[in-house]
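Read in order, the letters of the sequence shown are residues 817 to 974 in this note's numbering. For glycine and all other residues, C-beta sits at the position ideal for the given N, C-alpha and C.
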Amino acid sequence: MVLLNSYWHSIHNLKLSSTMKKLICILLLIFVVSQIAAAQQVRYGKAAPVGTWQKIGTTQANFAADHDGIIVQGPFNNFRSVKLKVTNAPLRLVKLVVTYDNGAPDNIETLYDIPQGGESRIIDLRGVGQRKIRRIDFWYDTRGVARGRANVTVFAMK
Numbered sequence: 817m818v819l820l821n822s823y824w825h826s827i828h829n830l831k832l833s834s835t836m837k838k839l840i841c842i843l844l845l846i847f848v849v850s851q852i853a854a855a856q857q858v859r860y861g862k863a864a865p866v867g868t869w870q871k872i873g874t875t876q877a878n879f880a881a882d883h884d885g886i887i888v889q890g891p892f893n894n895f896r897s898v899k900l901k902v903t904n905a906p907l908r909l910v911k912l913v914v915t916y917d918n919g920a921p922d923n924i925e926t927l928y929d930i931p932q933g934g935e936s937r938i939i940d941l942r943g944v945g946q947r948k949i950r951r952i953d954f955w956y957d958t959r960g961v962a963r964g965r966a967n968v969t970v971f972a973m974k
């Protein structure tokens, strides 16, 4: 917000018409919103048959951060269990939070080391068939900094 305020004062001091200043502000706002939206992982696709694993999102575990989230959208968001697959570097999964359509979070405490190329255990979800998943957030501790960033793919099963 401070950054937008700074831009507004810079634009306000320009010798442009009021209409042109408004247009610049609108374009700036569109740019900021698009950058925020681009940071989210969103995956659209077709529903998989019941009993099969379906890829619902991928992100890269960054050593500068310890938390990532994947937004689940589409006709395939009513799952019974999830698992994570890790490539490029090992990862320590500390906590998983599944947020359902109604906003209720399901906090899943876990301390699970996933080796490079490995998968987490299968994590069963509460309320199967009653609630749809809106978002999956996970907290992690990356290891093997010299080996690069861990790519994390989330799979879910109906």
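7 Å Cβ cutoff met for residue i and residue j
i	j	result
Pro921	Val913	yes
Val968	Val902	yes
Arg896	Met973	yes
Lys948	Asn894	yes
Arg950	Asp917	yes
Inter-residue spacing [alpha-carbon to alpha-carbon] between residue i and residue j
i	j	result
Asp884	Thr926	16 Å
Ile924	Ala877	19 Å
Pro931	Arg908	8 Å
Gln870	Ser936	15 Å
Gly943	Ser833	57 Å
Asn904	Ile872	19 Å
Lys899	Gly919	21 Å
Tyr956	Gly934	15 Å
Boundaries of the beta strand (DSSP E) in which residue i is found, first to last residue
i	result
Arg948	Residue identity check: residue 948 is Lys in the sequence provided, not Arg. No beta strand (DSSP E) holds Lys948; DSSP gives it neither H nor E.
Gln932	Unbroken run through Gln932: none, as it is neither H nor E.
Per DSSP, cross-strand counterpart(s) of residue i
i	result
Ile939	Val898
Val970	Gly873, Leu900
For the segment 883 to 928, list the beta strand (DSSP E) runs that are entirely contained and at least 3 residues long, ordered along the chain. Listed in chain order, they are 883 to 888, 897 to 903, 907 to 916.
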